[in-house]
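Novice: Chains as they are written, first to last, in my numbering: chain B, 1 to 404; chain P, 405 to 484.
Every residue gets a Cβ at the ideal spot worked out from N, C-alpha and C, and that includes glycine.
Following this message is one structure expressed as structure tokens.
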Amino acid sequence: MQPSLFSVQSTQQWTVTRLTFYIRNLLETDVTLQDVWALGEISNLSRPASGHIYFTLKDANASLKCVMWKTSAARQRLTLKDGMAVEVHGKIGVYDAGGQYQLYADQIRPVGEGVLYQEFMRLKAMLEAEGLFEPERKRAIPEQPRLIGIITSSTGAALRDMLTAIRRRNPLVDVLLAPAPVQGDEAPPKIVAALEALNRQKPDVILLARGGGSIEDLWAFNDERVVCAVVNSRAPVICGVGHETDFTLCDFAADLRAPTPTAAAELATPITIDDLRVKLDDYQTRIFSSTLNLVAVQKTFLSAISARLRFVSPERRIQSDIQHLDDLSRRALTSIVYGIQLQKKHIEGTQQRLDALNPLAVLKRGYAVVTRKDDGRVVSHISQAADEMRVRVSDGEFEVRKKT
Amino acid sequence: MAKSSSPKPIEDLTYEQALAELESIVSALEGEQGQLGESIKLFERGQSLVKKCGELLEAAQLKVQQVAGDSIIPFDEESS
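In structure tokens form, the structure reads like this:
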């Protein structure tokens, strides 16, 4: 039945705006509709200059208008294409001017990723419970590796990036590549085999790497077999898978996690060839200065020794002996001179005493000595007188004849 | 203390060996323990090692090989 024109009757009159507001309120207060994952195929994809993304999500029977604002779109890693099966998260709202309800999307992921994510969380919890991710298990990365092992695809950009980084930082090291596919079903067993083959060559460190990709692309690095092989590797492992934001279970299991393959190569070569040049210069300087120092010390020692040598040298003794000799001879001379003087005095004394006894001295006083001419005996008594006698006076003698 | 009794010919040393010997020579010289003649020998040996290390650094070329089972084969970067 058609309501008659302009008849107000029982039904309330709504403006379109008010009605639309009412409908919007219904939808936007529904808890389920405000946090929903919608599964479907992308069609009518449009990315105008505004940066917002518009598309329609379809399945066999229905379609849903979707919009993703610029801010969410910028965070979107997946490249959207028409026909792509996706899971879209967001909330249902109403576009007033268009008179349509639509899904305001904030996250889009490929179908199946949700399942993979749950699987990731399950495996992570399990391996964590086994203690495989304990910090105590982590081994130190050697400062100066001699041999770096690399496991990655031999055709990928990751290998090129790593070789470039190692060559730039420290071309002294040797690199041993164990090529392995890094995605697909065959990847996990091949990576495990590569780890074993590489470990037999005893590298100092192993880089396990691949470039970025979707969660499916990186899935080999969440494989339990690969995670266990990383944990059991004899050489420490640096894991550099994907981009900054990608985390795989191998990242947790590895001894060190690098955000990218290039970063993994850098972490494996902490000491660069420039560091080595600086070190060599330092050694050069230290060898020079310590040797110069050593020579200086020896010189000082030598001059001290030679001073001591001079002190104990026979030359010094000879000097001292000569001095002693001089001393002795001076003393000898003194004593000889003294002796002579003593003798002289003695002789003079004796002379005086002799002079005192000299009969000739008595003669000078007027006495005379009379001797017999015949036998020369001194006449000191009358009885001794002879006919002819000699008289000695002070300055000579003369003969006398006794008177009868 | 460096094994100066029968040192390996400098030509045969790898960079690591040369650097390790150089390190021990530096600490021996800085320890000031040796005879002067011995120290001068160490100094000369040290000089040769510095020269050798420098040459090895300048000539260093990244060597890339590939494991194939238990053997090691060359790896051709250009074709990859």
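(1) Once you ignore the five residues that flank B/Ala385 on each side, which residues in its own chain have a CB closer than 7 Å to its CB?
(2) Any beta-carbon of chain P closer than 8 Å to the one on B/Arg316?
(3) Could you list which residues in chain B have their beta carbon closer than 7 Å to that of P/Ala464, in chain order?
(4) On the CB-based measure, 16 or more other CB atoms within 10 Å of its CB, does B/Met162 come out buried or exposed?
(5) Between which two residues does the alpha helix (DSSP H) harbouring B/Leu147 extend?
(6) Check the Cβ-Cβ distances between B/Ile206 and every residue of chain P, and say whether any is below 8 Å.
(7) Can you grab the Cα-Cα spacing for the pair P/Gln421 / B/Thr291, in whole Å?
(8) Going by Cα to Cα distance, which pick from B/Cys239, B/Gln343, B/Arg200, B/Val370 is closest to B/Phe207?
(9) Mind checking whether B/Ile436 and B/Ala180 have CB atoms under 8 Å apart?
(10) For B/Trp69, does the three-state DSSP call read helix, strand or coil?
(11) Between the region 455–466 of chain P and the region 412–430 of chain P, do at least 3 Cβ pairs fall closer than 8 Å?
(12) May I ask which residues mark the beginning and end of the beta strand (DSSP E) holding B/Asp406?
(13) Take P/Leu460 and list the residues in its own chain whose beta-carbon comes closer than 6 Å to its own, dropping the five residues that flank it on each side.
(14) Given that a residue counts as buried once 16 or more other Cβ atoms are within 10 Å of its Cβ, and exposed if not, what is B/Met126?
(15) Counting C-beta neighbours from all protein chains within 10 Å, is the total for B/Gln118 16 or more, i.e. buried, or is it exposed?
(16) Can you tell me whether B/Gln328 is buried or exposed, with buried defined as 16 or more other CB within 10 angstroms of its CB?
(17) Could you tell me the alpha carbon to alpha carbon distance between B/Glu397 and B/Ala368, rounded to whole angstroms?
(18) How big is the Cα-Cα spacing for B/Lys373 and B/His346?
(19) B/Gly99: which of B/Leu309, B/Lys364, B/Ala105, B/Lys65 sits nearest, CA to CA?
(20) Confirm, please, whether the CB-CB distance from B/Asn170 to B/Ile92 is below 8 Å.
(21) Mind checking whether B/Lys364 and B/Ser394 have CB atoms under 8 Å apart?
(22) Scan the region 237–268 of chain B and note each continuous alpha helix (DSSP H) run of 4 residues or more that stays entirely inside, going in chain order.
(23) Which of helix, strand or coil does DSSP assign to B/Phe133?
(24) Sort B/Ser154, B/Ala85, B/Lys124 by Cα distance to B/Gly112 and report the nearest one.
(25) Can you tell me whether B/Pro261 is buried or exposed? The criterion is at least 16 other CB atoms within 10 Å of its CB, across all chains shown.
(26) What is the DSSP secondary structure of P/Gly473, reduced to helix, strand or coil?
(27) Which chain B residues are close to P/Ser443, counting only those with a beta carbon under 7 Å from its beta carbon?
(28) Where do the N-terminal and C-terminal ends of the alpha helix (DSSP H) with B/Phe288 fall, by residue?
(29) Would the beta-carbon of B/Asp204 fall within 8 Å of that of B/Leu267?
(30) Kindly list the residues whose CB is nearer than 8 Å to the CB of B/Glu196, restricted to its own chain and excluding five residues on each side of it in sequence; keep chain order.
(31) Can you tell me whether P/Glu415 is buried or exposed? The criterion is at least 16 other CB atoms within 10 Å of its CB, across all chains shown.
(32) B/Tyr54 lies in the beta strand (DSSP E); which residues open and close that run?
Specialist: The relevant details are as follows:
(1) The answer, listed in chain order, is Val379, Lys402.
(2) No, because no Cβ of chain P sits closer than 8 Å to the Cβ of B/Arg316.
(3) Correct list: Pro171, Leu172, Ile273.
(4) Buried.
(5) From DSSP, B/Leu147 is part of no alpha helix (DSSP H) but of the beta strand (DSSP E) over 147–152.
(6) So no, B/Ile206 is outside the interface.
(7) Taking C-alpha positions only, P/Gln421 is separated from B/Thr291 by approximately 22 Å.
(8) Note that residue 207 of chain B is Leu in the sequence shown, not Phe. With distances taken between Cα atoms, B/Leu207 lies closest to B/Cys239.
(9) Residue 436 of chain B is absent from the model: chain B starts at 1 and stops at 404.
(10) In this structure, B/Trp69 counts as coil in the three-state DSSP scheme.
(11) Under the 8 Å Cβ criterion, the region 455–466 of chain P counts as touching the region 412–430 of chain P, having at least three qualifying pairs.
(12) Chain B is shown only over 1 to 404; residue 406 of chain B falls outside these bounds and no answer can be derived.
(13) Contacts found: Tyr419.
(14) By the C-beta density criterion, B/Met126 is exposed, having fewer than 16 other C-beta atoms within 10 angstroms.
(15) Burial call: exposed.
(16) Here residue 328 of chain B turns out to be Leu, not Gln, going by the sequence shown. If you draw a 10 Å sphere on the C-beta of B/Leu328, you find fewer than 16 other C-beta atoms in it, and that means exposed.
(17) Approximately 9 Å, taken between the alpha carbons.
(18) Those two C-alpha atoms are separated by around 39 Å.
(19) Nearest of B/Leu309, B/Lys364, B/Ala105, B/Lys65 to B/Gly99, Cα basis: B/Lys65.
(20) At least 8 Å separates the beta-carbon of B/Ile92 from that of B/Asn170.
(21) Against a cut-off of 8 Å, the Cβ pair of B/Ser394 and B/Lys364 comes out as a contact.
(22) Counting only runs of 4 or more, we get 249–253, 261–268.
(23) It is coil, neither helix nor strand.
(24) It is B/Ala85 whose Cα lies nearest to the Cα of B/Gly112.
(25) By the 16-neighbour rule on beta-carbons within 10 angstroms, B/Pro261 is buried.
(26) DSSP places P/Gly473 in coil when its eight states are reduced to three.
(27) Under the 7 Å cutoff, chain B gives Thr291, Leu294.
(28) Its alpha helix (DSSP H) spans residues 273–312.
(29) With respect to B/Leu267, B/Asp204 sits apart: the two C-beta atoms are not nearer than 8 Å.
(30) Once the five neighbours on either side are set aside, the close Cβ partners of B/Glu196 are Ala229.
(31) Exposed, by the Cβ-count rule.
(32) First-last of the beta strand (DSSP E) with B/Tyr54: 53–58.
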